[in-house]
Amino acid sequence: MKKFYSPALGNLMHATRKSDLKYFVCDAQSVCRIEDGNTNAYLREDRAVEEFLKSIEPKYTSSLEKVREDKIDEECIYTLAGFVSYITTCSPTGMRIPSGDWGGEYSSANIYFR
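Mapping of the sequence shown onto the numbering used here: residues 403 to 516, in sequence order.
1) Report the partner residues of phenylalanine 406 according to the DSSP bridge assignment.
2) Run through DSSP, which three-state label would cysteine 492 get?
3) Could you give the DSSP three-state label for glutamine 431: helix, strand or coil?
4) Secondary structure at alanine 443, three-state DSSP: helix, strand or coil?
5) Across which residues does DSSP place threonine 418 in a beta bridge pair?
6) Please state if the CB of alanine 417 and the CB of cysteine 428 are separated by a distance shorter than 9 Å.
7) Taking only the alpha-carbon atoms, compute the straight-line gap between glutamate 467 and serine 421 and give it to the nearest angstrom.
8) How big is the Cα-Cα spacing for glycine 496 and isoleucine 489?
9) Can you give me the Cβ contacts of arginine 555 inside the same chain, cut-off strictly under 7 Å, excluding the 5 residues immediately before and after it?
10) So the alpha helix (DSSP H) arginine 449 belongs to, where does it begin and stop?
This is the structure we're talking about:
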């Protein structure tokens, strides 16, 4: 997130609040943190995500550079796929989205596979 800091603001960045779309200035910790770390009660080992992210997070910035420079390699693909997988399944939002009774399937699956 620190890559989004504005040079004009020092160690701060411009942001928009989702609830009311109002502008505010903040640091990364204010908008990007997980209260209980990466604890995921749905996993047999509830802290397994931490181990997985050790192979992803250190390579994220360099993987983005590889994409910008059109020098994509296996490490880049693994890193970005791992990051996207984490965001969509294990982030706080990712864990909230499929809440409720699914009936064994996503109700919106038909929309995606028409």
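For every residue, glycine included, the Cβ atom is placed at its ideal position computed from N, Cα and C.
Put simply:
1) DSSP lists no partner for phenylalanine 406.
2) Assignment of cysteine 492 by DSSP, reduced to helix, strand and coil, places it in the coil class.
3) Per DSSP, reduced to three states, the secondary structure at glutamine 431 is helical.
4) Looking at alanine 443 - three-state DSSP - the assignment turns out to be coil, as it is neither helix nor strand.
5) Threonine 418 is bridged to Tyr425.
6) Yes, the Cβ-Cβ distance between cysteine 428 and alanine 417 is below 9 Å.
7) So the alpha carbons of these two residues sit roughly 32 Å apart.
8) Glycine 496 and isoleucine 489: Cα-Cα distance of roughly 6 Å.
9) The chain is shown from 403 up to 516; residue 555 falls before or after that span and cannot be answered.
10) Taken as a continuous stretch (DSSP letters only), arginine 449 belongs to no alpha helix (DSSP H), as it is neither H nor E.
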